[in-house]
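Under my numbering, the first residue of the sequence shown is numbered -9, with each subsequent residue one higher. Even for Gly, the Cβ is constructed at its ideal location relative to N, Cα and C.
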Amino acid sequence: MRLSSPSILRGAAGVGLLLLTGCLTAPSYPLPDPLPEVLEWSTTQEGLGNFLGLEVRENDSGSLDDLFFAPGVKTTRVEGNSPAEMAGFQVGDVLLKIGEHEVNDPGALETLVNQSPVEEDLTMQVSRGDSVFDVKVRLDAKGEIGQKAERVWRSDPSRTRAGWLTVGNGVRLVTADPRGPMAAAGMEVGTVVTALDGEPVHSARSLIRRVQARPAGTRVLMETIDSKGERGEERITLLSAPNRILNFHLPFLVDYTSSPDGDVVSFGLLDAWLIWLFHYERIGLERRWSILRFIRFSSGIGELGQ
């Protein structure tokens, strides 16, 4: 008998197909749910900086079924007697640029406003309906009324596995997973990222949004300034989590199931429905074993211990 006979090859192909149809994989740690669009610390006290008088949100499609982001930020509120109101801003207007800088998220708007001179005319490009206007705005300086809650950093758990803080000249890396992409590339905490793939970075939220829009495993180029003030470039491979098996099934022989977070696992061997040779189950810290269905024992936290 030859091992390469057609019958054996067909049988091997059938077994391979059976294995493929009975196996399910997923990333070893699934991506977390996205944060809500509005996530701020509420306070009635203001801090130092420049004052425009606009409240904005990202210019999204407004539909979860067909979510996309258009350029600019959409105005949701105009404060009375503010520079924005005096310039003619209305709710629904889309702010596209401040000077030559594009504005695509609220964090970038705040940074650019605080970096702009006060008591001087500032040109802002605004879209209303099907028209785009160049609007002259003169910012005010806002005084200190009290202490304001300070954002320490924004977290990106899905692409860079790092924490980022908006600073004057870019976005600073303030914390990073030792096993994540930033550590793998040798980027040190304290490094400031000024551009991503040649485009300037103005806020932590903008950086996170842009890397999360790229597929897992993509290589990106970050222009940086290290703690000594020296400029450089870092090539970063965005996180691509390895897959783990969630389900593997061969009828009557093997059955393995795991939850995506790995907290629940079950394994069965030679399962003939009414009786099985061996069965193992883990739910959190509790473990259960069963041999020939009738011999059972367990360990860990049981119902009386909860």
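{"Check": "Enclosing alpha helix (DSSP H) for P73 [first to last residue]", "Outcome": "73 to 77"}
{"Check": "Test item: CB-CB of A98 and H192 under 8 angstroms", "Outcome": "yes"}
{"Check": "Separation of L260 from L25, as counted between CA atoms", "Outcome": "Caution is warranted here: a pLDDT of 43 is assigned to L25, below 50, making its placement in the model unreliable, and the coordinate value is therefore given only provisionally. Between L25 and L260, the C-alpha separation is close to 44 angstroms."}
{"Check": "Residue environment, S248, which counts as buried when at least 16 other CB atoms sit within 10 Å", "Outcome": "buried"}
{"Check": "Helix, strand or coil at I215 [DSSP, three-state]", "Outcome": "strand"}
{"Check": "Helix, strand or coil at T101 [DSSP, three-state]", "Outcome": "helix"}
{"Check": "V183 to L267 span [Cα, whole Å]", "Outcome": "58 angstroms"}
{"Check": "Integer-rounded CB distance, given that V179 should sit under 8 angstroms from V161", "Outcome": "About 13 angstroms; that fails the 8 angstroms criterion."}
{"Check": "Same chain only: Cβ atoms within 8 angstroms of R325, ignoring 5 sequence neighbours per side", "Outcome": "Outside the shown range of the chain (-9 to 296) lies residue 325, about which nothing can therefore be said."}
{"Check": "Continuous beta strand (DSSP E) assignments of at least 3 residues falling wholly in the stretch 236 to 270", "Outcome": "244 to 248, 254 to 261"}
{"Check": "Proximal residues to G222 (C-beta, below 7 angstroms), its chain only, five neighbours per side dropped", "Outcome": "T214, D216"}
{"Check": "Residues of its chain near Y270, where Cβ-Cβ distance is below 6 angstroms and the 5 sequence neighbours each way are ignored", "Outcome": "F257, W279"}
{"Check": "Close Cβ partners of R298 (< 8 angstroms) along its chain, the five nearest in sequence each way excluded", "Outcome": "The first residue shown for the chain is -9 and the last is 296, placing residue 298 beyond what the model contains."}
{"Check": "Candidates D253, L85, V255, R204, of which the one nearest A60 by Cα", "Outcome": "L85"}
{"Check": "Own chain partners of A173 with C-beta closer than 6 angstroms, once the 5 adjacent residues on each side are dropped", "Outcome": "A166"}
{"Check": "8 angstroms Cβ cutoff met for G62 and S106", "Outcome": "no"}
{"Check": "Buried or exposed (CB count within 10 angstroms, at least 16 for buried), G43", "Outcome": "buried"}
{"Check": "Pairwise C-alpha distance: L275 and T66", "Outcome": "48 angstroms"}
{"Check": "Pair within 8 angstroms by beta-carbon distance, R131 and T156", "Outcome": "Per the sequence presented here, residue 131 reads as Ala, with Arg not at that position. Not in contact: A131 and T156 (Cβ atoms no closer than 8 angstroms)."}
{"Check": "Buried versus exposed call for S123 [16 or more other C-beta atoms within 10 Å across all chains shown]", "Outcome": "In the sequence on display, residue 123 carries Phe and not Ser. Exposed, by the Cβ-count rule."}
{"Check": "Nearest-angstrom Cα separation, counted from G158 out to G219", "Outcome": "14 angstroms"}
{"Check": "P168 versus A175: straight-line alpha-carbon distance, rounded", "Outcome": "11 angstroms"}
{"Check": "Under 8 angstroms between C-beta atoms of F79 and V68", "Outcome": "yes"}
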